[in-house]
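In terms of full-length UniProt numbering, the sequence shown has 285 at position 285, counting the first letter as 1, and numbering is strictly consecutive.
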Amino acid sequence: MRSEEELEDRLSEPTPLVLEALRSLDSDLLILGVGGKMGPTLARMAARALATIGSPHRVIGVARFSQPGLREKLETWGIHTIPCDLLDREAVGRLPESRNLIFMAGQKFGTSGNPDLTWAMNVGVPLHVCERYGTGRVVVFSTGNVYPLTRVVEGGAVETDPPEPVGEYASSCLGRERIFEYFARTRGLQVAIMRLNYAIDLRYGVLLDIALRVRAGQPVDVSMGAANVIWQGDANAWALALLPHCSVPPFVLNVTGPETVSIRRLAERFGALFGVRPSFVGQEAETALLSNAARAHQLFGYPRVSLQQMVEWTAAWVAENGVTWNKPTHFETRDGRF
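Below, the structure written as structure tokens:
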């Protein structure tokens, strides 16, 4: 891939799973927090799918739209947009009716320096949304950070493991889940909770973080010795495919790739592709932030884009000085302070 246009086209290509899932829509699809890293291509995937199946329903993207040009881009993709500060309860109350929601709003970066905003975004906003949309169904983006660090040899946390979040960010994300669970129990809201880590878009992600450090001759921290990754296009597709699985109580699903990926081996692979020898700091711990997504793979199959393909695309993107967003994942963080 040589351009952002080609990348975004590939990230938003709907799959048969998505086409089938969106046939069940009985309202417009409302995407809250569409302005984040994954929101635009997920919204475009949904719009492309609805056009393919001839659905009468629209995709409506809601965000503050602080990024210049994003709203206009979404509109050119056939997505209706509504500016809204989701922290404003009255503004949320004025949003249009919908019985099908994708909830993507939240905050991660800056948690340590501004924890009150993190809790407001990750817990307060869900409360506003659930008060406005107490019925219907909603797919909620969450994170594998709600799990504790687990021993690498165990293959990652599964959905039935009790949450043990480390740090304020992870705790606030569990708070987000609990708000939706409460409204599922008390109001009958049908919910699917998608615990994601880590999505890969060539402009950001764990692979990009490592590739940039290797190419620049900077040491790679291997204290968090392993990670899970998934192509963002696959994560987009699985999020939309979760709509028919929304239920009471909430349906919880880990979403990531099948591999437990060694950070050291990734750095060595990028070194081979760039023709440089990577350097390292730290030492691999016995534990890491890992999720076991076997349930998702049983439900949806394996991701379309393999780990090897993601690595090769990332290396080519970096070698050609492709656009990056300067949004590091901080995958090496072990104390939950983002």
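Here a beta-carbon is modelled for each residue, glycine too, at the ideal position from N, C-alpha and C. All values reported here derive from a predicted model rather than from experimental measurement.
- DSSP, reduced to helix, strand and coil, places aspartate 28 outside both helices and strands of the structure shown, so it counts as coil.
- At a Cβ-Cβ threshold of 8 Å, arginine 71 and aspartate 85 do not count as neighbours.
- In chain order, Arg44 and Ala47 place their CB closer than 7 Å to the CB of tryptophan 77, counting only its own chain and leaving out the 5 sequence neighbours on each side.
- Going by DSSP, glutamine 190 is part of no alpha helix (DSSP H) but of the beta strand (DSSP E) stretching over 190–196.
- Within the same chain, and ignoring the five residues on either side of glutamate 268 in sequence, the residues whose Cβ sits closer than 7 Å to its Cβ are Pro278.
- For the set Gln298, Gly322, Leu32 and Ser3, the Cα lying nearest the Cα of tyrosine 133 is the one of Leu32.
- The alpha-carbon separation between threonine 324 and valine 318 amounts to approximately 9 Å.
- Secondary structure of alanine 105 (DSSP, three-state): coil.
- Secondary structure remark: continuous beta strand (DSSP E) runs of at least 3 residues inside the region 61–141, in chain order: 80–83 and 100–103.
- Alanine 285 is positioned such that its CB atom lies no closer than 8 Å to that of glycine 336.
- Listed in chain order, the non-local C-beta contacts of phenylalanine 103 below 6 Å within the same chain comprise Leu32, Val138 and Val140, local neighbours out to five positions each way being set aside.
- The region 245–256 makes no contact with the region 306–318: fewer than 3 CB pairs, one atom from each, lie closer than 8 Å.
- In the DSSP annotation of this structure, the continuous segment of the alpha helix (DSSP H) that includes asparagine 236 starts and ends at 232–241.
- Aspartate 209 carries a helical assignment under DSSP once its states are collapsed to helix, strand and coil.
- Collapsing the DSSP output to three states places serine 306 in coil.
- Counting only the Cα atoms, glycine 35 lies some 9 Å from alanine 105.
- Residues of the same chain with a CB within less than 7 Å of the CB of tyrosine 169, apart from the 5 flanking positions on each side, are Lys108, Thr111, Thr118, Asn145, Gly336 and Phe338 in chain order.
- In the three-state reduction of the DSSP assignment, aspartate 221 falls in the strand class.
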